[in-house]
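Below: one structure, written as structure tokens.
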Amino acid sequence: MLYLFLLVLFWVSSLAAASTLVNVSTTRTPRVTLTSSTSKAKTVTITGVSFSEFKQDVYLGIPYAQPPVGDLRFRPPQPKPFTTSSFNATAQPPGCIQINSTFIGSYGISEDCLYLNVFTPEGWGPQSPPLPVMVWVYGGSFQVGTITTYNATSLMARGIETGKSFVFVAINYRLNVLGFGYGAEIALNHAANLGLRDLHLGFQWIQDNIHAFGGDPNKVTAFGQSAGAVAISLMYLNTSSHAPLFRSAIMESGAQSVVPIGPTNTTWQIGYDLLAKFSGCAARAATSLRKKDKRIANYVGSAAYNQSTFLCPSIDGDLITDSPHTLLQKGEFVKLPFITGSCLDEGTDAAPVTQVKNENQVKSFISSFEPSPIEPAVIDGLLKLYPDVPALGSPYNTGNQTFGFASEFKQLAAMFGDFLLQAGRRWFLQQARAHGQRDTWTYLWTEPSVGFEPYTGVAHGSELYYVFGLARNFTGYDAAQVALVQRVQDYWINFAYYSDPNGAPGSSSSLKYWPTYGENSTMLQFGRDDSLIFDTYRKKQFDYILSHPEAFNY
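FYI, the numbering for the sequence shown is 1 to 554, going by the UniProt record's numbering.
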């Protein structure tokens with residue numbers, strides 16, 4: 001199944017930040033009070049847990065939408081009114097329906113999954129000076145992922161340590177066929193891009209309620225990785241009723257054109273039809289599917305599901321009105337400040353290590369990533385720019401080493417990293433510049449994380465260990481890598497505060513000054529010694545990919 005290969009591309013995003021919330025204080029119990037004009041309970045007291053070691057309060061599993069089950073399945077999310085005057089936010093919520101695996105840990109999965117977690121500095125609330133808010137959107141190929149994987153205590157602690165405290169929120173959203181279905185029935189029922197609609201409602205909940213936690217709704221920064229970054233980038237294309245409910249964003253290894261995308265009603269009908277057949281429903285019968293609770297839950301991960309195709313955002317005429325490539329080219333996107341970046345070896349997790357051993361197999365594999373076949377001449381042109389020469393392939397800077405695999409592995413890894421991730425990032429930056437936006441920054445991450453296989457190089461997701469601060473606590477990281485943790489966290493926190501990674505205008509800093517993208521296409525190269533480079537590497541290859549947007553589904 002196609003998506004299993006893509007899943008490999010993203011699964012580091014879930015594993016990289018996995019750590020356990022510990023050291024719960026029993027001496028104090030944090031509480032906040034929410035006020036609502038729509039709930040039966042006009043006020044509700046939310047009880048959380050205290051993490052005294054980190055001087056933080058955490059509120060876990062707060063519902064922001066009604067459970068999308070039964071008649072609400074395959075429908076846009078509906079706000080969740082509280083019906084009682086108190087709510088215990090002391091336990092992690094389940095993840096949304098997905099392949100049950102180590103991504104989830106011990107918290108399980110459920111269709112009733114539209115919850116969020118909130119982290120605040122200790123004792124913070126509406127009486128406190130309002131703080132910037134950082135909202136995390138997890139990755140996972142739009143197939144897997146959950147907020148329980150991401151522990152923000154280290155990132156929060158860095159903010160407290162440097163006098164720049166903030167509020168952190170992470171949002172669960174629907175995945176795979178339940179959140180990103182394709183097909184005629186999905187289009188007819190306005191059920192496309194439900195995961196994106198979940199996120200929009202989650203951001204609306206933050207606007208309505210974050211002040212109770214001491215957050216400033218006017219200073220919200222979205223940040224995410226992989227599919228999470230893609231989701232955030234797609235929100236930039238909503239210029240009207242669904243405009244982003246944040247003021248800036250950080251997109252780690254993800255841009256609008258990263259995932260295959262096509263019209264909802266005419267692309268990949270097979271995914272929906274397989275679900276209907278598995279559930280014992282007539283083809284294209286959403287009403288019947290809303291009555292099949294157990295069958296729906298069992299479908300994901302079944303043999304039928306594994307025959308399906310990649311499920312991801314689609315052109316629905318509402319949230320996404322045209323191809324991202326076209327919308328960006330027309331300037332039809334909001335001009336909000338953003339940081340976007342990539343890891344050095346984005347494609348090594350996606351390239352097959354054993355299945356592809358000759359040129360014909362390479363061509364077939366490339367074509368399989370898109371919803372419609374790529375013209376042979378286009379693939380031939382791509383192969384000329386990415387020859388089967390190990391020294392030119394990814395992981396980069398490894399010479400003729402092939403790690404025991406066929407040489408085509410490094411060839412494919414180089415191509416996949418560029419047409420799946422890197423070229424889309426560059427296109428977003430170029431079009432923002434072309435349409436007058438100046439407050440954009442980009443980076444290239446070149447420091448690997450401990451525990452990755454050597455053949456993956458600086459793989460997709462490598463930066464997460466540093467952004468979430470796990471390299472400060474895990475064995476195997478040296479002093480230079482721990483220092484890198486502090487630098488990237490400081491840049492990210494500065495951006496949340498000032499919409500500028502360098503900090504307040506005119507302020508002094510030990511950080512290397514990070515210029516905007518500008519006319520010179522400047523980017524910051526993160527590593528043991530950060531440096532400035534130009535975003536012009538592999539220019540011929542990127543230009544070729546971007547000149548064939550239909551072939552590469554941009």
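Where a beta carbon is used, it is the ideal one built from N, C-alpha and C, also for glycine.
Nearest-angstrom Cα separation, counted from residue j out to residue i
i      : j      : result
Val353 : Met235 : 34 Å
Gly108 : Tyr115 : 14 Å
Gly393 : Asn218 : 44 Å
Pro68  : Leu34  : 23 Å
Tyr59  : Gly228 : 22 Å
Glu463 : Gly145 : 17 Å
Ile171 : Asn360 : 42 Å
Thr442 : Pro395 : 21 Å
Gly70  : Leu484 : 47 Å
Phe552 : Pro81  : 43 Å
His242 : Leu319 : 7 Å
Gly347 : Ala413 : 4 Å
Ala423 : Pro549 : 11 Å
Thr516 : Thr440 : 5 Å
Ala231 : Thr239 : 15 Å
His435 : Asp322 : 18 Å
Gln92  : Phe54  : 18 Å
Asn176 : Ser36  : 32 Å
Val44  : Gly95  : 24 Å
Arg295 : Asn502 : 51 Å
Ile46  : Phe87  : 5 Å
Gly139 : Ser110 : 18 Å
Thr522 : Gly179 : 37 Å
Leu274 : Lys292 : 14 Å
Ser253 : Tyr466 : 14 Å
Gly461 : Lys42  : 42 Å
Arg528 : Ala480 : 6 Å
His211 : Trp205 : 11 Å
Gly518 : Gln437 : 9 Å
DSSP-derived helix/strand/coil call for residue i
i      : result
Val390 : Residue identity check: residue 390 is Pro in the sequence provided, not Val. Looking at Pro390 - three-state DSSP - the assignment turns out to be helix.
Asp57  : strand
Val22  : Confidence at Val22 is low in this model, with a pLDDT of 46, below 50, so its placement is unreliable and the value that follows should be read with caution. Val22: coil per DSSP, three-state reduction.
Glu550 : coil
Val137 : strand
Trp441 : strand
Lys292 : coil
Glu252 : strand
Thr35  : strand
Asp322 : coil
Leu429 : helix
Phe369 : coil
Ile339 : strand
Tyr517 : coil
C-beta atoms of residue i and residue j nearer than 8 Å
i           : j      : result
Leu327      : Arg73  : no
Phe468      : Val450 : no
residue 582 : Thr221 : In this structure the chain extends from 1 to 554, so residue 582 is not present and cannot be described.
Phe213      : Leu245 : no
Val167      : Leu131 : yes
Phe369      : Val356 : no
Cys312      : Ile261 : yes
Arg158      : Pro76  : no
Leu382      : Tyr544 : yes
Phe223      : Ala249 : yes
Arg425      : Ser342 : yes
Pro387      : Thr402 : no
Gln56       : Thr148 : no
Asp418      : Gln329 : no
Ala276      : Ile97  : no
Val258      : Leu385 : no
Val118      : Leu199 : no
Integer-rounded CB distance, given that residue j should sit under 8 Å from residue i
i      : j      : result
Pro79  : Leu201 : 7 Å
Asn193 : Ser314 : 6 Å
Ala255 : Ser226 : Ala255 to Ser226, Cβ: 11 Å. No contact.
Val482 : Arg472 : 5 Å
Ile99  : Val300 : 6 Å
Asp490 : Thr84  : That pair is no contact at about 42 Å.
Gly526 : Glu447 : Note that residue 526 corresponds to Phe in the displayed sequence, not to Gly. About 6 Å; that satisfies the 8 Å criterion.
Asp337 : Ser141 : Here residue 337 is Pro; the residue named in the question, Asp, does not match the sequence. That belief does not hold up - the Cβ atoms of Pro337 and Ser141 are roughly 27 Å apart, past 8 Å.
Lys164 : Ile379 : Actually they do not touch by this definition, with Cβ atoms about 49 Å apart.
Thr287 : Tyr182 : The Cβ separation is near 19 Å, so there is no contact.
Leu237 : Trp427 : Contact flag wrong, Cβ pair sits at about 13 Å.
Fill in: Stretch-stretch touch, CB-based, cutoff 8 Å, three pairs: the segment 339–353 with the segment 404–414
yes
Worksheet entry | contact_flag[the segment 424–438, the segment 327–337] where n(CB pairs < 8 Å) is 3 or more | yes
Item to complete: Decide yes or no for the touch test of the segment 438–453 against the segment 118–126: beta carbon pairs closer than 8 Å, at least 3 of them.
Response: no
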